Amino acid sequence: MKLGRYISVLWRGSIRRQLILGFTLASLALMLSFGYLILEQQRKALYRSSEERASSLAHALAISGTSWALANDLVGLQEVVQGFAKTQDLRRACFLNTHGEVLASSNPDEVGFFMTDKVSRDMLASISRDQFVLVNQKNLIVIAHPVMADGRLLGWARVEMSRDTVKANLATLTQLWVEFILVAVLAVSLIAYALARRLTRGLNHLMQVAAAVEHGLGKRRSDIGRADEIGVLARHLDRMLDALERQKKLIHESEAKYRFLADNISDVIWILDPNTGRWIYVSPSITRLLGYSVEEVMQQTMEKTLTPRSGADVRGWIRERSELFLSGKDGEHIYQDEAEYCHRDGSTVWCEVTTHFARNDSNEMILLGVTRNITERKRAEEQIRNLAFYDALTQLPNRRLLQDRFSLVISACKRNNRYAAVMFIDLDNFKPLNDEHGHNVGDILLVEVAHRIVSCVREVDTVSRFGGDEFVVMLSELDADKATSVAQASVVAEKIRQSLGEVYRLTVMQEGRLEPRIVEHHCTASIGVVLFNDHGVTQEDLIRLADGAMYRAKAAGRNQVYFADI
Numbered sequence: 001m002k003l004g005r006y007i008s009v010l011w012r013g014s015i016r017r018q019l020i021l022g023f024t025l026a027s028l029a030l031m032l033s034f035g036y037l038i039l040e041q042q043r044k045a046l047y048r049s050s051e052e053r054a055s056s057l058a059h060a061l062a063i064s065g066t067s068w069a070l071a072n073d074l075v076g077l078q079e080v081v082q083g084f085a086k087t088q089d090l091r092r093a094c095f096l097n098t099h100g101e102v103l104a105s106s107n108p109d110e111v112g113f114f115m116t117d118k119v120s121r122d123m124l125a126s127i128s129r130d131q132f133v134l135v136n137q138k139n140l141i142v143i144a145h146p147v148m149a150d151g152r153l154l155g156w157a158r159v160e161m162s163r164d165t166v167k168a169n170l171a172t173l174t175q176l177w178v179e180f181i182l183v184a185v186l187a188v189s190l191i192a193y194a195l196a197r198r199l200t201r202g203l204n205h206l207m208q209v210a211a212a213v214e215h216g217l218g219k220r221r222s223d224i225g226r227a228d229e230i231g232v233l234a235r236h237l238d239r240m241l242d243a244l245e246r247q248k249k250l251i252h253e254s255e256a257k258y259r260f261l262a263d264n265i266s267d268v269i270w271i272l273d274p275n276t277g278r279w280i281y282v283s284p285s286i287t288r289l290l291g292y293s294v295e296e297v298m299q300q301t302m303e304k305t306l307t308p309r310s311g312a313d314v315r316g317w318i319r320e321r322s323e324l325f326l327s328g329k330d331g332e333h334i335y336q337d338e339a340e341y342c343h344r345d346g347s348t349v350w351c352e353v354t355t356h357f358a359r360n361d362s363n364e365m366i367l368l369g370v371t372r373n374i375t376e377r378k379r380a381e382e383q384i385r386n387l388a389f390y391d392a393l394t395q396l397p398n399r400r401l402l403q404d405r406f407s408l409v410i411s412a413c414k415r416n417n418r419y420a421a422v423m424f425i426d427l428d429n430f431k432p433l434n435d436e437h438g439h440n441v442g443d444i445l446l447v448e449v450a451h452r453i454v455s456c457v458r459e460v461d462t463v464s465r466f467g468g469d470e471f472v473v474m475l476s477e478l479d480a481d482k483a484t485s486v487a488q489a490s491v492v493a494e495k496i497r498q499s500l501g502e503v504y505r506l507t508v509m510q511e512g513r514l515e516p517r518i519v520e521h522h523c524t525a526s527i528g529v530v531l532f533n534d535h536g537v538t539q540e541d542l543i544r545l546a547d548g549a550m551y552r553a554k555a556a557g558r559n560q561v562y563f564a565d566i
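Okay, so the sequence shown: first residue is 1 according to UniProt numbering, each after it adds one.
(1) According to DSSP, is G467 part of a helix, a strand, or is it coil?
(2) May I ask which residues mark the beginning and end of the beta strand (DSSP E) holding E338?
(3) From this set, S485, R163, L306, S407, which residue's C-alpha is nearest D89's C-alpha?
(4) Which residues share a DSSP beta bridge with S526?
(5) Rounded to whole angstroms, what's the CA-CA distance from A29 to Y193? Just pull it up for me.
(6) Let me check understanding here. Comparing Cα to Cα, which of V142, Q137, R129 lies closest to L154?
(7) Contact between the segment 433-449 and the segment 474-485: three or more CB pairs below 8 Å?
(8) Determine whether the beta carbon atoms of V529 and A556 lie at a separation below 8 Å.
(9) Using a Cβ-Cβ cutoff of less than 8 Å, which residues in the same chain neighbour K138 once the five nearest sequence positions on both sides are dropped?
(10) What's the C-alpha gap between L70 and E110?
(11) To the nearest angstrom, how far is the alpha carbon of Y47 from that of A54?
(12) May I have the straight-line CA-CA distance separating D330 from F23, to the nearest angstrom?
(13) Work out the CA separation of T301 and N373 for me, nearest whole Å.
(14) Who does E101 pair with in a DSSP beta bridge?
(15) Could you tell me the alpha carbon to alpha carbon distance between S64 and V188, rounded to whole angstroms?
(16) Within its chain, find whatever has a CB closer than 8 Å to the CB of L306; leave out the 5 residues flanking it on each side and keep chain order.
(17) Exposed or buried, which one is E320 when buried takes at least 16 other CB atoms within 10 Å?
(18) Residue range of the alpha helix (DSSP H) that G65 falls in?
(19) Can you give me the Cβ contacts of V409 inside the same chain, cut-off strictly under 7 Å, excluding the 5 residues immediately before and after it?
(20) Whole angstroms is fine: what's the gap from A104's alpha carbon to C94's?
(21) DSSP three-state call for G155: helix, strand or coil?
(22) Which first and last residues belong to the alpha helix (DSSP H) in which V75 is found?
(23) For Y562, which residues does DSSP report across the bridge?
(24) Any idea which residues DSSP pairs L290 with across the strands?
(25) Give me the Cα-Cα distance between R377 and L290, rounded to the nearest whole angstrom.
(26) Are the C-beta of R278 and some C-beta of chain D separated by less than 8 Å?
(27) For F95, name the three-state secondary structure that DSSP assigns.
(28) Expressed to the nearest angstrom, what Euclidean distance is found between the alpha-carbon atoms of D461 and G369?
(29) On a Cα-Cα basis, can you pick out the residue from S27, H59, V422 that is closest to T538?
(30) With the cut-off set at 8 Å, would you say V561 and R497 are in Cβ contact?
(31) Between P108, I453, R552, E520, which has its C-alpha nearest L500's C-alpha?
(32) From L61, M148, L514, S283, pick the residue whose C-alpha is nearest to that of I265; which is it?
(33) By the 10 Å Cβ neighbour count, where 16 or more other Cβ atoms means buried, how is D428 classified, buried or exposed?
(34) Please report the residue range of the alpha helix (DSSP H) in which V504 lies.
(35) Take L140 and list the residues in its own chain whose beta-carbon comes closer than 8 Å to its own, dropping the five residues that flank it on each side.
(36) Nearest to E448 by CA position, among D541, V519, R544, is which residue?
Rendered as structure tokens:
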């Protein structure tokens, strides 16, 4: 661990060291790789050469001893073998008959003995009449060559040679190559040192200028008259320092403007210590909002300025969001909430509160906020909410608009003596989707269900979201004949049932990802249908009958259509 930390400090502490170490290590790696390849080629060449020498020696011994073997002149044969005894790296040269008896050898003490080692047995048992290698090891090469005369095997010439010369040559080459690598790496390191020193000299000057500016010498500049990248960087740094000086001047000028705006805008700008709930700063517009002076508000906690309900909500928001901010999961998130404040005269003021967590110069968490009076907007929203006729999710008519349509259809039935039908639709397999994938995916399914139902009916018909996963369809202007009207309603109901029973492929956008997620879901529907004209039943009765018919369809196994009689 300490060695790794030391290497890390050595590497990261200086660009100069990084350049020198980088060049040195790169050149060392290249030279070692190249040297390994060269030495490996030399080793193979020397091993091949030693094998060729042994083969040539065995061939020469076999040729020279053939005539002596035919004449059965063992003395002459021994002289031939002794003629090869002084060959470099030779360990043994011998002449054996077909039974393994040593007829002649570079070691005279072996003459007359039989060779019974495994290598010799393999040689004698071989049916090959060509020269072959008996042993090819790192330190030894053994060659066997048959001695032939008129196609008849007289015996074997066997040569054993060491590879001492090969090893000595390889050791010499290795030493020379290591010396060359050291010299080359040293030369590269010196070149890298000279280059690094030249490069970092300019950087050191730039650091000195930066330190001087940091200590208040704002007029200090860094142009060192070089034409390379460091010189360009120095001139850019000078231009940046000039721009900072101009910006500093503009900041001083704009501070007065911002303070004027903060003191005079209708929105209240404030800074809060979320740990204590105490104000750090409140703009003077708080007086217009709540009737209190800045000094009076600064003496209170934030909760004292809120109604009890809003105070509890705000306290919970601050606690949860401060934990997210401290954990690093909050990021640069800006929150918008609504809260109810207490006015000095006893009334309440609804406000939109925009907040953002940050840290001050002391690295302490603070809460920045802007409070805007939205009392009038809240009143307008309440009126709009009361007048709304459409479901916010599916954009289908809601219950209130459905009631109005009911009245129109019943009147038309009485006037034209035609039948109409109301269908109550409930999804059979909706809750598992919410439980598994969440309500946002369930909402996507409900929107798709609404689209499918609308596509199955006429423009004159009404499709309404009754609540949750329940929908109501009202078919108007059917036939005057009841049987025909039942058939027409059956066709539409079956079309809706089949459409809703098809597999849903829901495209779900995922936060932080570009590619959406596809959720497949199978969801059927149970449909209850009631046919009516001028029977005098109320809207509530029709809905109740259709709802009951829907439950009968569920009881019959779901994914069915059930007609109820009035």
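All residues carry an ideal CB built from backbone N, CA and C; glycine is no exception. These numbers were taken from a predicted model, which means no experiment stands behind them.
This is what the structure gives:
(1) In the structure shown, G467 falls within a strand segment according to DSSP collapsed to helix, strand and coil.
(2) 334-342
(3) In this structure, R163 is the residue among S485, R163, L306, S407 with its C-alpha nearest to the C-alpha of D89.
(4) For S526, DSSP records a beta bridge to D426.
(5) 18 Å
(6) R129
(7) Flag = no, the segment 433-449 and the segment 474-485 do not touch.
(8) no
(9) R163
(10) Rounded to the nearest angstrom, the two C-alpha atoms are 21 Å apart.
(11) 11 Å
(12) Cα to Cα, the separation comes out at about 44 Å.
(13) 20 Å
(14) F114
(15) 58 Å
(16) V314, A339, E340, Y341, C342
(17) exposed
(18) 15-70
(19) A420, M474, S476
(20) Roughly 6 Å between the two C-alpha positions.
(21) strand
(22) 74-83
(23) G528
(24) Note: L290 sits in no beta bridge, so no partner.
(25) 17 Å
(26) Note that chain D does not occur in the displayed structure, where there is just one protein chain.
(27) strand
(28) 50 Å
(29) V422
(30) Result yes, Cβ atoms of V561 and R497 sit closer than 8 Å.
(31) I453
(32) S283
(33) buried
(34) Checking the displayed sequence, the identity of residue 504 turns out to be Tyr instead of Val. Note, Y504: premise wrong, no alpha helix (DSSP H); beta strand (DSSP E) at 504-508.
(35) Closer than 8 Å at the Cβ level, and outside the excluded window around L140, lie R91, E160, M161, S162, R163.
(36) V519
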